[in-house]
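All remarks here apply to the structure that follows.
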Amino acid sequence: MRNHAPFITLGVIGLYAGFLQWFLGWGEILSRWQKVGAGTGGMALALLVATYFIRTHRIQDYFRDETKGRFIALFRVTQIHNLLNIMMPLRTGETSFPLLMRSEFGIPLARGAASLLVLRLLDLHALLASGGIGLVATATRPVVAGVLWALFLVLPLLFFFLRARLVAFARRKLAARLSRLVDDIDAGIPADLGAFGRAWLLTIVNWGVKVAVLAWVLALMGVGPLAASIGGALGGEISSILPVHAPAGVGTYPAGIAAGATALGASRAPQALEILASASVNAHLLVVVSALVGTGLSLILPFLARGRARL
């Protein structure tokens with residue numbers, strides 16, 4: 390099955406492209422970029438690529454001893470993992486992270502997998518916190534909503550302080566097999582507050598930038614109000630980290646954008662839904678292109694670094 394996964398992905402992409410041509414037409418889809426403008430589109434692409442460097446810095450800080458002085462090699466690992474994660478179905482690309490970290494940096498598989506799980510939980514929290522901005526903006530009592538959002542934002546730090554008690558409680562209540570999983574998760578969490586706090590902060594910055602850029606692009610393409618464009622960006626990204634994820638996100642990512650946007654106030658009038666569908670596909674294309682550009686950079690940077698070393 391794994392050997393056939395790339396062909397399945399390509400087949401699904403081909404079918405999806407044909408469906409979009411029939412449903413909306415590629416001329417209509419791509420015409421949205423004329424309204425956005427080449428300069429604005431390039432800036433959005435550059436900002437999305439910049440988030441990959443933030444992610445790499447987060448992982449380098451997480452595995453500080455093993456990856457010290459090897460940022461470019463780690464950037465290549467994170468970009469290959471990211472591209473596989475986007476292209477492979479049902480989150481199977483996630484398995485590449487511990488394997489790549491072991492082969493490149495000698496990090497044991499169990500530690501790499503446990504750390505990835507912790508980072509994904511932080512990712513989910515940051516995404517929900519980003520979406521909370523839209524809820525606060527549309528709340529009838531914004532002060533109360535803002536306080537609740539701030540409390541949710543710092544929730545991971547509270548869990549860190551309660552970590553020992555939570556782990557001990559889980560070990561007592563869970564079966565032996567599940568308690569081993571708890572031990573693996575505990576091993577994947579940084580031991581000191583400084584390291585955990587930096588991972589949490591970098592996660593917030595990374596997803597905050599990404600959601601803001603995607604919301605900005607959706608708004609420029611006619612998705613409104615602002616809360617709806619934020620909800621659309623959030624919905625698309627949440628769909629990308631859920632277990633049920635189509636190859637390359639075809640269908641599931643735009644559907645996540647549409648669901649998030651309509652949940653936070655986007656109009657359901659036929660014309661507005663057509664605009665939302667087109668904008669959702671374009672936002673998804675932007676994410677895929679940014680992943681390809683990031684991967685291309687990760688392959689070029691080692692050669693540039695070697696050339697500089699020779700000068």
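Counting from 1 along the sequence shown, just add 389 to a position and that's the residue number in the working numbering.
Here a beta-carbon is modelled for each residue, glycine too, at the ideal position from N, C-alpha and C.
* The alpha helix (DSSP H) enclosing K562, as first and last residue numbers -> Against the sequence shown, residue 562 aligns to sequence position 173. It spans 552 to 562 - the alpha helix (DSSP H) in which K562 sits, taken as one unbroken run.
* To do: Assuming I646 and G621 form a contact by the criterion Cβ under 8 Å, report the distance between their Cβ atoms to the nearest whole angstrom.
  => Translated into the one-based positions of the sequence shown, residue 646 becomes position 257. Translated into the one-based positions of the sequence shown, residue 621 becomes position 232. Contact holds; Cβ gap of about 4 Å.
* **Segments assigned alpha helix (DSSP H), at least 4 residues, entirely inside the segment 496 to 528** => Within the segment 496 to 528, the complete alpha helix (DSSP H) segments at least 4 residues long are 498 to 527, listed from N- to C-terminus.
* What three-state label does DSSP hand L653 in the structure shown? -> Numbered from 1 along the sequence shown, position 264 holds the residue referred to as residue 653. If DSSP states are grouped into helix, strand and coil, L653 belongs with coil.
* Asked: How big is the Cα-Cα spacing for I689 and Y441?
  -> As a working note, residue 689 is residue 300 in the sequence shown. As a working note, residue 441 is residue 52 in the sequence shown. Between I689 and Y441, the C-alpha separation is close to 15 Å.
* R657: buried (16+ other C-beta within 10 angstroms of its C-beta) or exposed? -> Here residue 657 refers to the residue found at position 268 of the sequence shown. In this structure R657 is exposed. Its beta-carbon is surrounded by fewer than 16 other beta-carbon atoms within 10 angstroms.
* Asked: What is the rounded straight-line gap between the Cα of E455 and the Cα of W605?
  -> As a position in the sequence shown, residue 455 is number 66, starting the count at 1. As a position in the sequence shown, residue 605 is number 216, starting the count at 1. Rounded to whole angstroms, E455 to W605 spans 37 Å at the Cα level.
* **Coil, strand or helix - R459 by DSSP** => Your numbering for residue 459 matches position 70 in the sequence shown. The DSSP-derived three-state label of R459 is coil.
* Asked: Touching or not, the segment 664 to 676 and the segment 606 to 616, by the rule of three or more beta carbon pairs under 8 Å?
  -> The segment 664 to 676, when compared against the segment 606 to 616, does touch it at the 8 Å Cβ threshold.
* **Alpha-carbon spacing of S568 relative to K457, whole angstroms** => Indexing the sequence shown from 1 puts residue 568 at position 179. Indexing the sequence shown from 1 puts residue 457 at position 68. Cα to Cα, the separation comes out at about 32 Å.
* **For V533, the first and last residue of its enclosing alpha helix (DSSP H)** => One-based indexing of the sequence shown puts residue 533 at position 144. Boundaries of the alpha helix (DSSP H) harbouring V533: 531 to 542, taken from the DSSP string.
* Contact check, G624 vs G654, beta carbons under 7 Å -> Within the sequence shown, residue 624 is the residue found at index 235, counting from 1. Within the sequence shown, residue 654 is the residue found at index 265, counting from 1. No.
* Beta-carbon proximity check, A539 vs A616, cutoff 7 Å -> Counting from 1 along the sequence shown, the entry for residue 539 is found at position 150. Counting from 1 along the sequence shown, the entry for residue 616 is found at position 227. No, the Cβ-Cβ distance between A539 and A616 is not below 7 Å.
* Hey, how far is the Cα of R447 from the Cα of N671? -> Locating residue 447 in the sequence shown gives position 58, where the first residue counts as 1. Locating residue 671 in the sequence shown gives position 282, where the first residue counts as 1. C-alpha separation (whole angstroms): 28 Å.
* Shortest alpha-carbon distance to V556 belongs to which of L542, D575, L547? -> Sequence index remark: in the sequence shown, residue 556 carries index 167 (1-based). It is D575.
* Can you give me the Cβ contacts of W596 inside the same chain, cut-off strictly under 6 Å, excluding the 5 residues immediately before and after it? => For the purposes of this step, residue 596 is taken as the residue at position 207 of the sequence shown. Only A515, L516, S519 meet the Cβ criterion.
* To do: Count the other C-beta atoms from every protein chain shown that fall within 10 angstroms of the C-beta of S504, then say buried if there are 16 or more, exposed otherwise.
  => Looking up residue 504 in the sequence shown gives position 115. With 16 or more other CB atoms across the displayed protein chains lying within 10 angstroms of its CB, S504 is buried.
* **Cβ shell of P579 (< 6 Å), same chain only, five flanking positions each side left out** => Position 190 of the sequence shown holds residue 579. Cβ within range, chain order: F585.
* Asked: When the distance is taken between beta carbons, is L437 closer than 7 Å to S679?
  -> Residue numbering aside, residue 679 sits at position 290 when the sequence shown is read from its first letter. Residue numbering aside, residue 437 sits at position 48 when the sequence shown is read from its first letter. Yes, Cβ-Cβ distance for S679 and L437 is below 7 Å.
* In three-state terms, what does DSSP make of V612? -> As a first step, residue 612 must be located in the sequence shown, where it is residue number 223. Annotated three-state conformation of V612 is coil, per DSSP.
* To do: Using 10 angstroms around the beta-carbon of P600, count the other beta-carbons present and answer buried if the total reaches 16, otherwise exposed.
  => Along the sequence shown, read from residue 1 onward, the residue named residue 600 stands at position 211. Reading off the sequence, residue 600 comes out as Val, not Pro. Buried, since its Cβ has 16 or more Cβ neighbours within 10 Å.
* Asked: DSSP state of M477, grouped into three classes?
  -> Here residue 477 is taken as the residue at index 88 of the sequence shown, counted from 1. In the three-state reduction of the DSSP assignment, M477 falls in the coil class.
* How big is the Cα-Cα spacing for R425 and A435? -> Here residue 425 refers to the residue found at position 36 of the sequence shown. Here residue 435 refers to the residue found at position 46 of the sequence shown. Note on identity: in this sequence residue 425 is Val, with Arg being the wrong assignment. Their backbone Cα atoms lie some 15 Å apart in a straight line.
* To do: Compare the beta carbon distance of R465 and S628 with 7 Å and say whether it is the shorter of the two.
  => Position 76 of the sequence shown, counted from the start, is the residue given in the question as residue 465. Position 239 of the sequence shown, counted from the start, is the residue given in the question as residue 628. In this structure, R465 sits away from S628, with a CB-CB distance that is not shorter than 7 Å.
* Asked: Does DSSP put F549 in a helix, in a strand, or in coil?
  -> As a working note, residue 549 is residue 160 in the sequence shown. It is helical.
* **CB of G577 within 7 Å of CB of V507, strictly** => Counting from 1 along the sequence shown, the entry for residue 577 is found at position 188. Counting from 1 along the sequence shown, the entry for residue 507 is found at position 118. G577 places its beta carbon less than 7 Å from that of V507.
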